[in-house]
Each structure stands twice: as C-alpha cells, then as structure tokens.
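Read the sequence shown against our numbering and you will find it ends at 299, with the numbers running on by one and no gaps.
Glycine is no exception: its CB is placed at the ideal position from the N, C-alpha and C atoms.
As the structure is a prediction and not an experimental result, all values here were calculated from the model.
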Amino acid sequence: MSIERDALAPLPGRIVTERDFWRGGDLDLDAYLDRVGLRGADLPPTLDTLRAVHRAHLAHIPFENLQLVLDRPVLLDVPALTDKMVHRRRGGYCYEQNLLLAAVLDRLGFVFTALAARVVIGAEGHPRPSTHAVLLVELDGRRWMADVGFGGGGLLEPFPLADGHQEERGGWGLRLDRVDDVGPDEWLLRSFDGRTWRDMYMFATAAMLPQDYAIFSHFLTTHPRSPFRGRLMAQRMAPHAQSLLTNTALVTKHPDGTHEEREIAIEDVPDVLDGVFGIGLTEQERGVVVDRLKDFTSM
C-alpha cells in the first residue's frame, strides 16, 4: 500500500536553529590583536593567518589556573574571556584559551569544529575522560589542528590532520597517528622529548559545542581529584624552551630533553608569574597567592 505524497507530513525543521556557536561578534577583536601583537595586520582566513594567530596567542597569553588559586569561578562566555585574558592580561586553561581562540577564528571568517580530547600523559594505559579542548580548522580541503591551551607543551603552530604526519617546529617534534584503542575515529598526538615519543592526548572528530565544554570545565574545576585544584600551575610554550611553574618549582625544558629546575621562595612566586609568564596580579591577589601556596606546600 502506498501513501500519496500530498498526505505525507512536512519535512521536519532544523533541530538547532541557533547557529552562532562561537560568539565572535562578542569579541573585542582590536584589543585581542593588540594583546597578541597583531594590531593592524591583514588577516584573511588563510593558513598563513591561522599560523600567525596561533603563534602570537601562545607567545602572549600563558596557560595558568590562577582563578582556582584565587577561589574565583572560571567563566567561559566570550566577554568574560576577553575581559580576563585580553583586558586584564591574564592567561587561562584549555577551555578558556581555545574558546577565546574560537571566537577569534569565528570573527576572522574561519570554518572549524571543536573537539574533545583525553589526556594520556602519565595515564599508564588507563582510560581517562575527555577533558581537553582542540579545534579542527578546515582550509582548502585540508583539516588542521589548532590548540593554544595544552599545559603540558603541544602545538606551536597548526598541525595537519594526517595519519603518520610528523614534523619539527621550533625544535619540538610532534607526530599524529590514527589509532583504534577506543573507537574507529581516534587520533593520538605524540611529542618527541629528545629520546623517545611521548603520548600526549587522543581525540575523535565528533563535534563539541561551548555547552559541552561548560560541563567538562565544571568537572575539572570542582572535582577534588582534578589536577587543576590544590596547586598553582603556569606554563609558557615557545620555540626552543618551555617554562613551567608548579607551586614553587620552576622548570625550563628544551627540545633535546634537557631541563633546568630551581626552587622559588613562596614570597617571590608573584614576581616570577609576572617576569616569566607575564601574569600581573594586584597586591591583594599577590597576597592570596602567597597564602594559598603556603597551604599547598604544607599538605
């Protein structure tokens, strides 16, 4: 028995009618470009622009978790991200960093998808939840990873989504492989530490939205076992050197696997945050950081 076409119900409408996912219009673009040293640059949505923005963002906006140290909420809307990381010249952690980058790319006319990644450094083969953000940018028929928020090192520049691709940038070696440990569309990013390849994070290409990141971020900022609670963290990734501060230990890593480490007096940590990472704090904030470090280091 057939049904006449005229008797069929009309085609359903779109499930998601709100398409302005990344809120690029809420961004103070001129202030952002001034913050990262690109004010006045011609920035069409090309690979050269993506590379320039990626490198400039990393060079000027550090990774850090001071919102939690200062007992403040981590806000992920674009005006709040702009106020904190652009106007107040602070840094942020992965969701803050890559959501700010997403707003920038959206404003500049790029087409991209947001992804979720599971960090596998130190996991020793045990699965972890997807708690990291990565962007996948489409350009001229190719897809490029963009990630300015990985606190354990990572991409200096966009990286092509290509099985087995490896390259060196600024002395740092990276490799991407397709894997099937969790599902059929999983990718693994590795870094070279001067001696061996180190697994960093895995991701699938299923699309995420800011609403998804808000749930993941809530978990990371509230769970008692979160690596972002109970310690101070700051990181700056640059060609030929990566600076990391964990509480009072300042480590400088090099692409050949060598590193230097020194212990910082608690009272000097705010000066190190300013001088090494470009994170300026008010006098009140400096006092809170010192007091919290005394608590962290006495545990």
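- Secondary structure at residue 46: coil, using DSSP grouped into helix, strand and coil.
- Within the same chain, and ignoring the five residues on either side of residue 220 in sequence, the residues whose Cβ sits closer than 7 Å to its Cβ are 131, 226, 228.
- The residue among 179, 158, 101 with its C-alpha nearest the C-alpha of residue 79 is 101.
- By the Cβ rule, the region 188-208 counts as touching the region 101-119, because three or more pairs are nearer than 8 Å.
- Going by C-alpha positions, residue 191 is about 27 Å away from residue 85.
- With 16 or more other CB atoms across the displayed protein chains lying within 10 angstroms of its CB, residue 292 is buried.
- Here residue 18 is exposed. Its C-beta has fewer than 16 other C-beta atoms within 10 Å.
- For the pair of segments examined, the region 157-174 was found not to touch the region 63-79: the number of CB pairs separated by less than 8 Å stays below three.
- In this chain, residue 88 is not harboured by any beta strand (DSSP E), its DSSP state being neither H nor E.
- In this structure the region 266-284 touches the region 229-243; the number of beta carbon pairs closer than 8 Å is three or more.
- Excluding its 5 nearest sequence neighbours in each direction, residue 247 has C-beta neighbours in its own chain below 7 Å: 231, 232, 293, 296, 297, listed in chain order.
- Exposed is the label assigned to residue 215, since fewer than 16 other Cβ atoms lie within 10 Å of its Cβ.
- In this structure residue 10 is exposed. Its beta-carbon is surrounded by fewer than 16 other beta-carbon atoms within 10 angstroms.
- Separation of residue 168 and residue 14 (C-alpha to C-alpha, rounded to the nearest whole angstrom) is 43 Å.
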